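Protein chains in written order, with my numbering: chain A, 17 to 183; chain B, 9 to 203.
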């Protein structure tokens, strides 16, 4: 693969979309077995630990590194339409078609209702490790993620701004 | 967002997290409930309905997606379905990226296919060397055969004929007519003291 900002690389340019079934199934399992609190703890631990190399790159490279990572990330995910927009004080991921939700819906799989909140719990944990903040609005297939420094003065996350996924 | 490109990385990380949160039983339950009964429900239906032709259809598609450079070979006769991995796409991803959160990633395959194939009426003979090479033979439960002689089913593609099948220091796990990830024999078995 060409030079990339992804921490872990494969020999093929894009992942296999059927793995999205397993991500959704993992969430359903965790919510059933450990409850919402356990699911959130899993996402936060994943963000801090598994993604530690990315968080370190963001801490060192700032918002330019954040934008570079997400451009490479979405290039490796099949079926999405996402614009990564670098603004002076933030990076916005403008998700027109979420590859994950799109693939689940196309194949008749039902996302867990809380599915879209995973991006906030995971993303905010990763951002915090990099000295940044993360917010999310929208969901169920289209949304906007915002990564910013504290100087941007983002309002607190309102979880009601993240749509639940309809059955 | 969690991606599919590095799925094997966070999937393996999840095994370790689950073991810390709820012990070995939670990991086993994850493979059974989340992977077999939820994520891979399409495999279950194909194999229950069609038997070996369903296995050909399922693994033919899914392995081609995961490993377009064909690091695997599928062989079959009317009585046995066999896969030989020369370069397992998921174990290979972990090795190349130096990722290890869980003690034996390879257990996950038996962890979900074992119960699935048991419910469909099949048993598994299997060996893996933890280096990305393994083989599987699936037969109707209760029928004879198993651990076929090298080359008897897969010919020259038999993973056991690879020069690096048993490199120095490699730990070979073996299953005989099994469906349970903990029913392994060999150096990696639970009672061997090397786990």
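We put the beta carbon where it would ideally sit given N, CA and C, even for glycine.
Being a predicted model, the structure only gives us computed values, none of them experimental.
Query	Result
Can the beta-carbon of residue 82 of chain A be found less than 9 Å from the beta-carbon of residue 22 of chain A?	no
Could you tell me if residue 151 of chain B is buried or exposed, where buried requires 16 or more neighbouring beta carbons within 10 angstroms of its beta carbon?	exposed
Which residue spans inside the region 118-183 of chain B form an unbroken beta strand (DSSP E) run of at least 3?	130-136 and 142-148
Using 9 Å as the limit for Cβ to Cβ distance, is residue 32 of chain B near chain A?	no
Quick one, which of B:160, B:136 and B:87 has its alpha-carbon nearest residue 94 of chain B's?	B:136
In chain A, which residues lie less than 9 Å from residue 12 of chain B when you measure between Cβ atoms?	30, 31, 32, 33, 34, 35, 36, 38, 39, 92, 93, 94, 115, 116 and 119
Quick test of your reading: residue 168 of chain A and residue 106 of chain A, contact by CB under 8 Å. State the CB separation rounded to the nearest angstrom.	5 Å
For the 8 Å Cβ check, are there 3 or more pairs between the region 118-132 of chain B and the region 42-62 of chain B?	yes
By the three-class DSSP mapping on this structure, what secondary structure does residue 163 of chain A have?	strand
Whole angstroms are fine: how far does the CA of residue 179 of chain A sit from the CA of residue 116 of chain B?	33 Å
Does the beta-carbon distance from residue 60 of chain A to residue 137 of chain A come in below 9 Å?	yes
With distances taken between CB atoms, is the gap from residue 11 of chain B to residue 92 of chain A smaller than 9 Å?	yes
Run down chain A in chain order and give the residues with a C-beta less than 7 Å from the C-beta of residue 18 of chain B.	62 and 66
Under 9 Å, Cβ to Cβ, is there at least one residue of chain A near residue 65 of chain B?	no
Which of the three DSSP states, helix, strand or coil, is assigned to residue 123 of chain A?	coil
Report the neighbours of residue 101 of chain B on chain A: residues whose CB is nearer than 7 Å to its CB, in chain order.	26
Residue 58 of chain A: which of A:163, A:183, A:133 and A:174 sits nearest, CA to CA?	A:133
Taking its Cβ as the centre, do 16 or more other Cβ atoms sit within 10 Å of residue 98 of chain A, making it buried, or is it exposed?	buried
Within the region 73-132 of chain A, note down every full beta strand (DSSP E) run reaching 3 residues or more, in order along the chain.	97-103 and 106-113
Rank A:36, A:126 and A:85 by C-alpha distance to the C-alpha of residue 188 of chain A and give the top, closest one.	Nothing can be reported for residue 188 of chain A: it is not among the residues displayed for chain A, which extend from 17 to 183.
In chain order, what residues of the region 34-68 of chain B put their CB closer than 9 Å to some CB of chain A?	34, 37, 38, 41, 42, 43, 45, 46, 47, 48, 49 and 50
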